[in-house]
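Colleague:
2 protein chains.
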Amino acid sequence: MARDTVAYDRDVVADVLAKVHAEGRESLTAPEGRRVCEAYGIPTPGEGFATSADAAVQLAAEIGGEVVMKIVSPDILHKTEAGGVKVGVSGDDAVRAAYYEILANAAAYKDDAEIDGVQVQEMLSGGQEVIIGATTDPTFGKVIVFGLGGVLVEVLKDVTFRLAPVDHETAMSMLDGIKAAEILRGVRGAEPVDADALADVIERLSDLVTDFPQISEFDLNPVFARPDGASAADVRIVLSAKEPVEPVRYSRDEILATMNRMMRPKAVAVIGASAESGKIGNSVMKNLIDGGYAGEIYPINPKADEILGRTAYKNIGEVPGDVDVAVFAVPAKFVPQALREVGEKNVPAAVLIPSGFAETGNHELQEEIVAIARDTGVRLLGPNIYGYYYTPQNLCATFCTPYDVKGGVALTSQSGGIGMAILGFSRSTKMGVSAIVGLGNKSDLDEDDLLTYFGQDPDTNIVAMHLEDLKDGRAFVEAAREITRKKPVVVLKAGRTALGARAASSHTGALAGDDKVYDDILKQSGVVRAYSLGDMLEYARGIPVLPTPKGENVVIITGAGGSGVLLSDAVVENELSLMEIPPDLDAAFKAFIPPFGASGNPIDITGGEPPSTYEATIRLGLEDDRIHSLILGYWHTIVTPPMVFAELTARVVAEAKAKGIEKPVVASLAGDVEVEEASDYLYQHGVVAYPYTTEKPVAVLGAKYRWARSAGFL
Amino acid sequence: MARDTVAYDRDVVADVLAKVHAEGRESLTAPEGRRVCEAYGIPTPGEGFATSADAAVQLAAEIGGEVVMKIVSPDILHKTEAGGVKVGVSGDDAVRAAYYEILANAAAYKDDAEIDGVQVQEMLSGGQEVIIGATTDPTFGKVIVFGLGGVLVEVLKDVTFRLAPVDHETAMSMLDGIKAAEILRGVRGAEPVDADALADVIERLSDLVTDFPQISEFDLNPVFARPDGASAADVRIVLSAKEPVEPVRYSRDEILATMNRMMRPKAVAVIGASAESGKIGNSVMKNLIDGGYAGEIYPINPKADEILGRTAYKNIGEVPGDVDVAVFAVPAKFVPQALREVGEKNVPAAVLIPSGFAETGNHELQEEIVAIARDTGVRLLGPNIYGYYYTPQNLCATFCTPYDVKGGVALTSQSGGIGMAILGFSRSTKMGVSAIVGLGNKSDLDEDDLLTYFGQDPDTNIVAMHLEDLKDGRAFVEAAREITRKKPVVVLKAGRTALGARAASSHTGALAGDDKVYDDILKQSGVVRAYSLGDMLEYARGIPVLPTPKGENVVIITGAGGSGVLLSDAVVENELSLMEIPPDLDAAFKAFIPPFGASGNPIDITGGEPPSTYEATIRLGLEDDRIHSLILGYWHTIVTPPMVFAELTARVVAEAKAKGIEKPVVASLAGDVEVEEASDYLYQHGVVAYPYTTEKPVAVLGAKYRWARSAGFL
């Protein structure tokens, strides 16, 4: 934390909260909230508290100018709704009248409300109303909120979230993080608000809720942001009724010790291995053997002596050597006993394929196996999963079909169906994969364990995850921040709409957080978010194909002017920057294209050009240092057929690479069906290329840039 | 127009505008603007005009309460920026001080500004600030704007547009058309604003700019919208410097007379036909012959007697019979002379493949051929196009390869590259096409002519258009409104981002309008907008496959819970409604699925189920009247392999159809590569199905719904 917390008066806050707690209340009154704010240096307007009309009149006179008057009642949280707020009151008679009206309104709103009195406050105005708050997210814990305040926050929901605690830089980033950020910078000649003062309030609030985690909600709304400071006009503080449950956490070394043995095992046991075709225990055995796994495979089956040519054991205790991972293919009811035996054998990891646990409502059985695992020191993957693939070890510990195209992409899915889509897409596009892992019910091992492993795995260079919830958002963020500095992480968060979230809830029993919280915090942790299954798969496939860009200057070279326009649209949508071409470079491009071609950016080489024009302009685009990425728009003509374009592009890219020049190159191919083969060829040669779409190649480039920026390469 | 325009005082407005015009000004002063508003019954606050501090003090006293004071100067349009506005002024001294300060600020802002005086106005407050305005769009002409007012309109740009004139219903729809619409309905217990009063102001303004087209811009900003009325606090009126150019328009009968002969010709002439392979004039001849066109084909070539077995003519005048369309395959410079001859021969349509006109900067040549065409009564398609396909006539009048998969989809593109992508995608997906038409420079025939033709074409049941601009937005809207009641129209508007629009401008020389204007007005005309090339192509392919839904109740039936969550996300994003399943229907579904499957919606039948479970639940979904559309989520398992799922689904859908039950059914297939074949099979059997994506099938369903709603089926 950047802030010097020594100046905070923690005792005052502790006293206030203790009193509220002692009185069995969950929310603070306005004067209590004000004391808390003052103790942490959060500026509030001049004010006082009146229990009679005379006192209110006197207070208003002391404050001077116009005042705001507000009901003070532990029973009324929404004061405006209750008619308990009067603004711009001035003059003795008006103050007196307002006092009585507020009391009358409050009584009408809730006749048994306990009324403490009326707060009389300096009328703040002339600034921009913003909201600064903190909330306790079920996934991420303490989260800081910033946005436009007043009524607009509820209607426009133009707010941004960050994980608490926030430092000064993060606080400042929140001011830029809302859609209406421009309003804070001053529009129509208005002075900009005091950004440092706002960031200061954000940091103080962040420190406050970090120091006092029992504060579950904290709203400063509105805060008046002025050119010369900021004051919180209203404060609302709610305490949590129950203690938060601390999730179980393992150290990095503990995680890696288990994960290394699970992913690179010397010996695998299959609990419930079977010789009978069609059984899951048979499919797992077959896939391990057919997949080419070179370690020991121990089938465990009380009724067999041998399965698929391997000696079978009655139980895992009888296995002669060490076992690194036990893959379970027995019905749910047999899992607890077998898991105890696995624990006794000191197997570090159990992969639980069976369903019939929390996902079918059988929470007791899931809790039972989790307890056994904790007792015996076994980490669990699943239950309710298809298993996992790890191609560096030729390991297909799954009942699905084997997969053998090796590469650097590690994929995980919470759902089995999505896992199957990952497998099919990978096979269809020949995507090089290091791992495909099912997480299912996530009773124990989850995304942060996998990130910790993949982060240090030399065989993995990108991770793509489908998830519906996070059991421990903070652990995920910590792991993600670490890995995303080196390797991209793509996340498809399902259940991101209200209806989607409802379905997630019925599916996994997990409470999905508000999507905007996920969105902002995933970004904060360096994750590239995909908003659809198709995008997740294409990003996973395409990001590792592209080199990391060295700058923001993107140039479009296109044979089809029409593609150029659509590619430009896609550039803007993906938050990329079309380079302003300097005059000398413009002249250099012009030398290659017809006089009526459009130079500038897009560079429209026009449709009837021969291969040499594509080649010369692409080479120039690669060789000029000021250009950092290329987007190609190909137009199928007789003069330059699709495969000719593909081969020349691949060759020019390879020649540049031989000279040490590596830039992301993506391509959109418009033409007859031959462009499909040409796109495949280009993809295999390091150019992310698609037929019949201008948006997909640019979306992949945009995803690469999002990662490169968050990882500090740009 | 709903409004009784008799009450309007047109003479007052005409006098004010005449005076402004006579003085060589383009903008009205505030008092002039106020007179114009009053003449059309647009409510404005109490006010007066002061040319001295004393007069201002007297006026303020007469108005009473707080006043707003504003500079009046023909040279200062942005009064706030100039420091020319003081709000909440009350009391003689304050009014006097404000008067002098405003004059001083104005002089400092622009020292040569002519200052008329200061407007003293009743201070409006307590309402919501909105903007109501009119602007003259280069594409659509008079357009009405509504949005949140004040500073927010500039930052949030939360505005909505409609083509003027607007009726009461359209005016009311504008209030719901902004993101912050909720604020007008009253939030946090606030009273709703007077929607009728706001709509009334919108209509009056619409009438005003319709009656006086020389008004190019009209801002009422802010309008204070209160629970009991609305008043325009500030008015800004700008007149256009030049007369608008009225576009050339043809009647429906004239358009159809030409288009019918062009699309269903008895005889086609090819100007510049060639026997030499590789020449465009040779490709066109070959494609006409190889495509199977049964009418007469007349090659025109001064140097040949016969081309590809057809008698050639020196010029079109020598052709013995009538010619319905002349396809040009000669260099640009030869077009004028040949076009004159085509005109003399009374050929109604010329298809101009050649480039070298406006797109290369040769505007003169394009103007020349347009003039010749007008003179001789020939309508032009192009120039700078690939030609056109019309499959009902086996007509491939293009230099690209023939296409013969007949069907109801008509596609058009402004760009040749996009046309080639259309062709390739069509061939790859075996999309049944009626027409593919290149529009290129749109020197004459454009989208509205084609819409008029396709609207009445029995061989076309959906139109998909790629466009970068519209030459005549009003004609397009008129044609679109007519056709979209019967047939869906999908539009991909390129150049929709600022950068994209810049590229469009360099490509076609066309000024693309602001995208939000396009967005709102395309919606107003019943068009389904696609936001990417991929979406346009998938909508074109999928919409005609699906029957028109009879209601909004969408049900998801899924084998993969994970797909169910993502499909639910997609439902929300595509503005579809997941049906609330009534208890009896819930019980009926439950009877088919395992006890731990999730009923509700999505209906999660769980992953391990046999074909009979898919079959029973899909049949129930089709046969229950309360359900209007089905989204299927398939999960590849050994128990129900992909083709088994595809065949059973196709069979159940066909059985329902035989009973007269037709509902849209779309499917997402998660699994290994066999799901690709299964998806193709389903698509061919009327189920819009995709592998590895949950978003695409729902997007197509959403597009179908958007059309069905706008056409009044829902």
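Going line by line, the protein sequences match chains W and E. The letter at position 105 of the first sequence is residue 105 when you use UniProt numbering, and the numbering goes up by one with no holes. The letter at position 513 of the second sequence is residue 513 when you use UniProt numbering, and the numbering goes up by one with no holes. Where a beta carbon is used, it is the ideal one built from N, C-alpha and C, also for glycine.
Which residue's Cα is closest to the Cα of Val284(W): Ser251(W), Ala326(W) and Arg261(W)?
Modeller: That would be Ala326(W), whose Cα lies nearest to the Cα of Val284(W).
Colleague: Here's the rule I'm using: 16 or more other beta-carbon atoms within 10 Å means buried, otherwise exposed. How should Leu423(W) be labelled?
Modeller: Buried: at least 16 other Cβ atoms inside 10 Å.
Colleague: Sort Pro138(W), Val688(W) and Thr558(W) by Cα distance to Thr606(W) and report the nearest one.
Modeller: Among Pro138(W), Val688(W) and Thr558(W), the Cα nearest to that of Thr606(W) belongs to Thr558(W).
Colleague: With burial defined as no fewer than 16 other Cβ atoms inside 10 Å of the residue's Cβ, what is the status of Ile638(E): buried or exposed?
Modeller: Answer is exposed; the Cβ neighbour count stays below 16.
Colleague: Could you pull the start and end residues of the alpha helix (DSSP H) that Asp207(W) belongs to?
Modeller: Asp207(W) -> alpha helix (DSSP H) spans Ala195 to Asp211.
Colleague: Name the one or two DSSP bridge partners that Gly597(E) has.
Modeller: Answer by DSSP bridge pairing: none, since Gly597(E) is not bridged.
Colleague: Indicate whether at least one CB of chain E lies closer than 8 angstroms to the CB of His507(W).
Modeller: Legend: pLDDT at His507(W) = 32, less than 50; position of this residue unreliable, no value from coordinates given.
Colleague: Below 8 angstroms, how does it come out for the segment 531 to 546 of chain E and the segment 607 to 614 of chain E: are there three or more Cβ pairs, yes or no?
Modeller: No contact exists between the segment 531 to 546 of chain E and the segment 607 to 614 of chain E.
Colleague: The alpha helix (DSSP H) with Pro336(W) in it runs from where to where?
Modeller: Pro336(W) -> alpha helix (DSSP H) spans Val335 to Glu344.
Colleague: On the three-state DSSP scale, how would you describe Pro244(W)?
Modeller: Coil at Pro244(W), not helix or strand.
Colleague: Please go through the segment 587 to 637 of chain W and give each complete alpha helix (DSSP H) segment of 4 or more residues, from N-terminal end onward.
Modeller: Correct list: 611 to 623.
Colleague: Judging by CA-CA distance, which residue of Pro549(W), Ile618(W), Cys37(W) and Arg485(W) is the nearest neighbour of Ala233(W)?
Modeller: The option with the nearest alpha carbon to Ala233(W) is Cys37(W).
Colleague: Measuring CB to CB, does Lys266(W) end up less than 8 angstroms from Gly291(W)?
Modeller: In this structure, Gly291(W) does not lie closer than 8 angstroms to Lys266(W) by Cβ.
Colleague: Please classify Pro594(E) as buried or exposed, where buried requires at least 16 neighbouring CB atoms within 10 angstroms.
Modeller: By the neighbour-count rule (16 or more Cβ atoms within 10 Å), Pro594(E) is not buried but exposed.
Colleague: Would you call residue 780(W) buried or exposed, if buried means 16 or more other Cβ atoms sit within 10 Å of its Cβ?
Modeller: Residue coverage of chain W in this structure runs from 1 to 714, which leaves residue 780(W) outside it and unanswerable.
Colleague: Along chain W, which residues have their Cβ under 8 angstroms away from the Cβ of Trp635(E)?
Modeller: Correct list: Gly416, Gly417 and Met420.
Colleague: Closer than 7 angstroms between beta carbons: that is the criterion. Which residues of the segment 520 to 539 of chain W meet it against chain E?
Modeller: Correct list: Ser532, Leu533, Gly534 and Leu537.
Colleague: Span of the beta strand (DSSP E) holding Cys396(E)?
Modeller: From DSSP, the beta strand (DSSP E) with Cys396(E) extends over Leu395 to Thr398.
Colleague: Within this structure, are the beta carbons of Asp158(E) and Lys142(E) separated by less than 8 angstroms?
Modeller: No. Outside cutoff.
Colleague: With a threshold of 8 angstroms between beta carbons, is Glu575(W) in contact with chain E?
Modeller: With 8 angstroms as the cut-off, Glu575(W) does not count as an interface residue toward chain E.
Colleague: Would you say Leu566(E) faces chain W, with C-beta separation under 8 angstroms as the test?
Modeller: Judged by the 8 angstroms Cβ criterion, Leu566(E) is in contact with chain W.
Colleague: At a Cβ threshold of 8 angstroms, is Glu695(E) touching chain W?
Modeller: It does: the Cβ of Glu695(E) has a partner Cβ on chain W nearer than 8 angstroms.
Colleague: Can you list the alpha helix (DSSP H) stretches of 4 or more residues lying completely in the UniProt domain "CoA-binding" (262 to 357) of chain E, in chain order?
Modeller: Runs of the alpha helix (DSSP H) inside the UniProt domain "CoA-binding" (262 to 357) of chain E: 280 to 290 and 335 to 344.
Colleague: If contacts are defined as beta-carbon pairs under 8 angstroms, then Ile131(E) and Ile102(E) qualify, I think. What distance do you get, rounded to the angstrom?
Modeller: Actually they are not in contact, since the Cβ atoms of Ile131(E) and Ile102(E) sit about 23 angstroms apart, beyond 8 angstroms.
Colleague: Give the range of the alpha helix (DSSP H) segment to which Tyr539(E) is assigned.
Modeller: Leu533 to Gly542 is the span of the alpha helix (DSSP H), which, as asked, contains Tyr539(E).
Colleague: Give the interface partners of Thr613(E) over in chain W, defined as CB-CB distance under 7 angstroms, in chain order.
Modeller: By Cβ distance, chain W contributes nothing, its closest Cβ being about 15 angstroms from Thr613(E), past 7 angstroms.
Colleague: Please list, in chain order, the chain E residues whose beta carbon lies closer than 8 angstroms to that of Arg496(W).
Modeller: Under the 8 angstroms cutoff, chain E gives Asp569.
Colleague: To the nearest angstrom, how far is it from the Cα of Ser73(E) to the Cα of Gly46(E)?
Modeller: Those two C-alpha atoms are separated by around 20 angstroms.
Colleague: Using the three-state DSSP reduction, which class does Gly64(W) fall into: helix, strand or coil?
Modeller: Correct three-state label for Gly64(W): coil.
Colleague: How far does the beta strand (DSSP E) with Gly117(E) in it extend, from its first residue to its last?
Modeller: Counting along the chain, the beta strand (DSSP E) containing Gly117(E) begins and ends at Gly117 to Glu122.
Colleague: Using 8 angstroms as the limit for Cβ to Cβ distance, is Glu676(W) near chain E?
Modeller: At least one chain E Cβ lies under 8 angstroms of Glu676(W).
Colleague: Would Gly229(E) and Pro43(E) be called neighbours here (beta carbons separated by less than 8 angstroms)?
Modeller: Against a cut-off of 8 angstroms, the Cβ pair of Pro43(E) and Gly229(E) comes out as a contact.
Colleague: Check whether the Cβ of Glu468(W) lies closer than 8 angstroms to any Cβ atom in chain E.
Modeller: Output row for Glu468(W): interface = yes.
Colleague: From Ala703(E) to Leu566(E), what does the alpha carbon distance come to, in whole angstroms?
Modeller: Each residue's Cα considered, the two are about 18 angstroms apart.
Colleague: Which chain W residues sit within Cβ distance under 9 angstroms of Ser679(E)?
Modeller: Near Ser679(E) there are no residues of chain W at all, since even the closest Cβ is about 11 angstroms away, more than 9 angstroms.
Colleague: Is there a Cβ of chain E sitting closer than 8 angstroms to that of Leu339(W), yes or no?
Modeller: Answer no: the Cβ-Cβ gap between Leu339(W) and chain E never drops below 8 angstroms.
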